[in-house]
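J.: Below is a structure I'd like to ask you about.
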Amino acid sequence: MSIEASTIFQTVWNLTNPSTYFQASASEIEDDSLTQEESLASKAKTTFSEKAQQLNVQIDPFVKIHGKLQQIINYEQSKYQLLYVSEEQLSYYTPKSPYGPYYYGDDVIKLIEQHISELTKLYEERPKKDQWKVLFIARQVIPGLNSIIQNYPDASSYSLFKECLISIKLKLEHDISTKATALNKAVESLLKRNENATIYDILNLYADSYPSEVIQKSMAKSFGCRLTNKIFELYVDRSDRISHKTAYGLLFAVATNVTREDLEWKYTEKCKGSATIIPFEKLSQTVIDRLLQKFRNAPDGSNLLDHFDIPISLDKFIVEENHLKLYSSKTLTEHSLDCEMCIYADIESTHIWHPGRIIQMSDVQMFDQLSKFFTEPENAQLFHDDRYISFLNVAATSIAFLNAFQNNREALQDIFDLLLSSLDKIQKKANKIYPAKYAEVYRIHWLTLIGQLNLAKENPEIDLTDYFLKLFSHPIQTDERHSATLECHRRLQPYEFLARKVAYWNRYYLRNKVFLNENSELINHDTLKRRIGTLFHVSEGDKLRLYEVKDLIERDGFICQISAPYDCENFIKNNKPIPLKITFQGTINNVKSTDRDPQFDGTGYELWENEKADLVIPEIIYWMTHYRNLYENRPTFQLDFIGHSLGGSDAQNAASFLSTPILKNKLNPDCIDTINIHTFNTSGVPRDTITRINTHFKNDINKFGKITHSIVRNDFVSRSCHGKVGAEFPQPEKLEILEVRNLGMFHILENHCEYMHSLTDNILPHKLLNFRDLKDVPIIHKYLHGITNSFTDFKGHLRDLIKTDPIAQIGTGTILLVGASLLNYQITIAAQGAIAVCSALKAVITLAQNSGESYTKSQISESVNEIAQGVYYNWYGTQILEDTP
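Under the working numbering, the residue at position 415 of the sequence shown is numbered 415, and the numbers go up by one with no gaps.
So this is what it looks like as structure tokens:
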């Protein structure tokens, strides 16, 4: 359950009782073995450990009871049989596994009754607004009880046990029916007296279910007939009633499907009767944003996620998984509504990605980290194998703690003094904690942190944001380099939002087997096409700009969205190019998508090789032509090609094939002002793509603005294929590579999926490699080729090796990769290398079957040696991030 942070903190402090925990008693002070400070420290360790543990246990009572009932809801069968006698005949019976640790009938009955009793008690204790949730959970128990009953034969020895279970089930069904009827009658009597009730008025009455006609009528009043009818067509069956969960789920569907037409309707309704009405197309961005908020916010101004207490994971910026498990989808309708909720959480996360929000630390993480810190304050690698990241985590936690308790001075005093004392001890012992070369640098960092915290404690008006931003560089980085890195970081933040959020919205549908046939092909393409016309914000500087999804291109395992600003007129008035955001979805858990990954000639390149400039490019040309025909002064365009992982390679390939219509005089390059390419942990592309950019654009090379690649160090995907766009680029000053410190060992997916530019509590230092003088050019080009060539060499020679014995040689290749990884203490790469090679096994065996050549031992030895050299030199020789102190 989502609870305001301030409320949680206040509750924690009330439970903690600082006067008890943080003031040493007389007996403790008399103990010579402990100083007062040590006693306080001991209490702090205990307290924060306890509070962290409490907060890690789900606070939500519904999650807690739902967890207890899992043994009933998901009752599973055992695999052994029992022989028993029934009616003087021998029979076999396959029972389910024992119910948890309970083997005897009486114990099972007693435990089930206890759980259901807790469910009943929860219903009685919760306010009316929560009672429908209890009934929702109770309904999930009924099928589970039926399963348990059906597990046992109709033998006399089981008869009493089954009778008890049936009695419990019937009583529960009766209780659910009685309570639901009472809730619904009370609400419907109120609705009859208030025919003008809005959808929020109705949902705030908290029935178990509502008449469908009433919901549809109230939604049409608030959101218009077009949007309401569309939502009902998608998510409401023909039943006369709609459950509470479905009803509020419809609001998320409304919020994520708002189009220009709906905004115009809202504006027209609002202005009815007004003498002077500004034409809709003349409205300012502020008014448009306000209209959009009417669809996405509750009447009290809060967004829907807050209004309905839906918890959001601050690490993933998505609906908390436990919440979705609690209200798990049983039907296509429920699943689709969950998808809309997740998409809305993504849309709302724009505000989290916005540069104005710096430290987003959850209460659980803050107490966890304080607990860790007070336990081992002198551990320089407490939170990370990089000592500086560990320092940054302590700094972020301290600032978050100060901000959380600034209004509770009494609670703050004792623990804050203890925190400062611990920080002071670290700086005094810097020579012992850190390598001699960097000890003084760290001591100054700790002293500065102490000073900043003291200032902010004495003056609540002081904002530590600027100080915290300055910490986003390592001690070895110059001020000049730090400023450039931070500027790049902020500029790329909205592009990563597009690559990691907007591009992936469709994954919720493409991972759902309900929408796919047995070949993982989409059954109904309208599932994706209805994203067209929807609206979302992107941060640009200190503002949020509204964009509209104009087009969606879909092939097997391939998704591209083209979005344009809602207010294109303003760009034309100010004589600025219209930015078109062309975003590509990366790999998702769908067979068609994952099949595109292990292609030897380039990740996902087979589709581009087949369709060439007929993929995506015609749609881009169509929208440029559309806008040029729409406005008299013929605008130009800024084309932003954006993608993560597989989507990053698609973005590079798309930009390169844009040269084809230009060379064939089917596209006038004068209509393009700028071409930008932004990728995040992208897989590589073939040499043909790199050549196409460097040579085919020879006469229009000035059209390129920025080519940026953001890469987590030692991310395995980033090392695939031949290179990245930008290698040997004629204008190296337009290239930027931002390499992020890797997360450490044993993080296979995290290295690849970690957010790089969101300003959250995931603090990751960056290193920027860009053109500053001529000596940097070969370094950049070597990096863009070298980071991928190690794996390319590996695959190239592997092709020869597998001609004799595919499986044996794949094993050889994997061992080489594992060995190289272990030498550099990168277990992650080893694991990912094995996974990658195994995933390519099908293609490799096919290649082997088509070849009749044999290899001599000397040839095999030579190839193995070349692979080892390629892996060794390219793997190690391309790192741009200096070892951190």
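The beta carbon of each residue, even a glycine, is placed where N, CA and C say it ideally should be.
All of these numbers come straight from a predicted model, not from anything done at the bench.
(1) Keeping to the same chain, check which residues put their C-beta closer than 7 Å to that of Q599; ignore five residues upstream and five downstream.
(2) If you reduce the DSSP assignment to three classes, tell me which class H722 lands in.
(3) Helix, strand or coil, according to DSSP, for D556 in the structure here?
(4) Please report the residue range of the alpha helix (DSSP H) in which Q150 lies.
(5) In whole angstroms, give me the CA-to-CA distance for D107 and H174.
(6) Would C271 be called buried (16 or more neighbouring beta carbons within 10 Å of its own) or exposed?
(7) Could you tell me if C838 is buried or exposed, where buried requires 16 or more neighbouring beta carbons within 10 angstroms of its beta carbon?
(8) Does the pairing of the segment 443 to 457 with the segment 362 to 374 give three or more beta-carbon distances under 8 Å?
(9) If T534 and V549 are in contact, beta carbons under 8 Å, what's the gap, nearest whole angstrom?
(10) Is there contact here, the segment 641 to 650 with the segment 464 to 481, by at least three beta-carbon pairs under 8 Å?
(11) How is E739 classed by DSSP in three states: helix, strand or coil?
(12) Please give the ranges of any alpha helix (DSSP H) in the segment 220 to 294, keeping only runs that are unbroken, at least 4 residues long and fully inside the region.
(13) Count the C-beta pairs between the segment 247 to 258 and the segment 336 to 343 that are closer than 8 Å, then say yes if the count reaches three, no if not.
(14) Identify which residue in P311, H66, H351, D363 has its Cα closest to the Cα of C342.
(15) Since Y75 and I168 should fall inside the 8 Å C-beta cutoff, what is the C-beta to C-beta distance between them, to a whole number of angstroms?
(16) Tell me which residue opens and which closes the beta strand (DSSP E) that E540 is part of.
(17) Got a sec? Which residues, its chain only, sit under 6 Å from D208 by beta carbon, not counting five neighbours each side?
(18) What is the DSSP secondary structure of P61, counted as helix, strand or coil?
(19) For T828, which of helix, strand or coil comes out of DSSP?
(20) Spatial neighbours of A941 within its chain, please: CB distance less than 7 Å, with the 5 preceding and 5 following residues excluded, ordered by chain position.
(21) To the nearest angstrom, how far is the alpha carbon of K581 from that of P565?
(22) Could you round the C-beta distance between Q638 and T674 to whole angstroms and report it? I think they count as a contact, below 8 Å.
(23) Which of helix, strand or coil does DSSP assign to Y755?
(24) So I65 and E118 are in contact, right, with Cβ under 8 Å, and what is the actual spacing, rounded?
(25) If you reduce the DSSP assignment to three classes, tell me which class Y75 lands in.
(26) Nearest-angstrom Cα distance between L615 and L227?
(27) By how many angstroms is the C-alpha of I737 removed from the C-alpha of F697?
(28) Taking the alpha-carbon of N403 as reference, which of N303, S218, I780, N454 has the nearest alpha-carbon?
(29) Exposed or buried, which one is Y622 when buried takes at least 16 other CB atoms within 10 Å?
(30) According to the neighbour-count rule (16 or more other Cβ atoms, all chains shown, within 10 Å of its Cβ), is P732 buried or exposed?
(31) Once DSSP output is grouped into helix, strand and coil, what is the label at G301?
(32) For M624, which residues from the same chain have a beta carbon less than 7 Å from its beta carbon, with the 5 sequence-adjacent residues on both sides left out?
(33) Does the count of Cβ pairs from the segment 494 to 510 and the segment 537 to 546 closer than 8 Å reach three?
(34) Return the CA-CA distance between D289 and L546, expressed in angstroms with no decimal places.
(35) Out of curiosity, what's the CA-to-CA distance linking T350 and N512?
(36) DSSP three-state call for Q731: helix, strand or coil?
T.: In short, the structure shows the following:
(1) Sequence-distant partners of Q599 (beyond 5 residues in either direction) whose C-beta falls short of 7 Å from its own C-beta, in its chain, are Y605, E606.
(2) In the structure shown, H722 sits in coil (DSSP, three-state: anything other than H, G, I, E or B).
(3) Note: D556 maps to coil in three-state DSSP.
(4) Q150 -> alpha helix (DSSP H) spans 128 to 151.
(5) For D107 and H174, the distance between alpha carbons rounds to 24 Å.
(6) Exposed, because fewer than 16 other Cβ atoms sit within 10 Å of the Cβ of C271.
(7) Unreliable positioning characterises C838 in this predicted model, as indicated by a pLDDT of 45, which lies under 50. The coordinate reading is nonetheless provided below. Under the 10 Å beta carbon count, C838 is surrounded by fewer than 16 other beta carbons and is classified as exposed.
(8) No, the segment 443 to 457 is not in contact with the segment 362 to 374.
(9) Rounded to whole angstroms, the Cβ separation of T534 and V549 is 5 Å, and the two are in contact under 8 Å.
(10) Touching, no.
(11) When DSSP states are grouped into helix, strand and coil, E739 belongs to the strand group.
(12) Secondary structure remark: continuous alpha helix (DSSP H) runs of at least 4 residues inside the segment 220 to 294, in chain order: 225 to 235, 244 to 256, 260 to 270.
(13) Three or more Cβ pairs drawn from the segment 247 to 258 and the segment 336 to 343 lie within less than 8 Å of each other, which places the two stretches in contact.
(14) Comparing Cα-Cα distances from C342 to each of P311, H66, H351, D363, the minimum goes to P311.
(15) About 14 Å separates the two Cβ atoms, so there is no contact after all.
(16) Counting along the chain, the beta strand (DSSP E) containing E540 begins and ends at 535 to 540.
(17) The answer, listed in chain order, is W132, L135, A180, L183, N184.
(18) If DSSP states are grouped into helix, strand and coil, P61 belongs with the helices.
(19) With a pLDDT of 35 at T828, under the threshold of 50, the predicted position of this residue should be treated as unreliable, though the coordinate-derived value follows. In the three-state reduction of the DSSP assignment, T828 falls in the helix class, which pools H, G and I.
(20) Because the chain spans 1 through 885 in this model, residue 941 falls outside it and cannot be assessed.
(21) If I take the Cα positions, the gap works out to 9 Å.
(22) Rounded to whole angstroms, the Cβ separation of Q638 and T674 is 4 Å, and the two are in contact under 8 Å.
(23) Note: Y755 maps to coil in three-state DSSP.
(24) That belief holds up - the Cβ atoms of I65 and E118 are roughly 6 Å apart, short of 8 Å.
(25) Y75 carries a coil assignment under DSSP once its states are collapsed to helix, strand and coil.
(26) Going by C-alpha positions, L615 is about 31 Å away from L227.
(27) Going from the Cα of F697 to the Cα of I737 covers about 21 Å.
(28) For N403, the nearest C-alpha among the options comes from N454.
(29) Y622 is classed as exposed because its beta carbon has fewer than 16 other beta carbons within 10 Å across all chains shown.
(30) Burial state of P732 is buried, judged by a 10 Å Cβ sphere holding 16 or more other Cβ atoms.
(31) G301 falls in the coil class under three-state DSSP.
(32) Answer for M624: F637, C671, listed in chain order.
(33) Touching, yes.
(34) If I take the Cα positions, the gap works out to 8 Å.
(35) A straight line joining the alpha-carbon of T350 with that of N512 spans about 25 Å.
(36) Coil.
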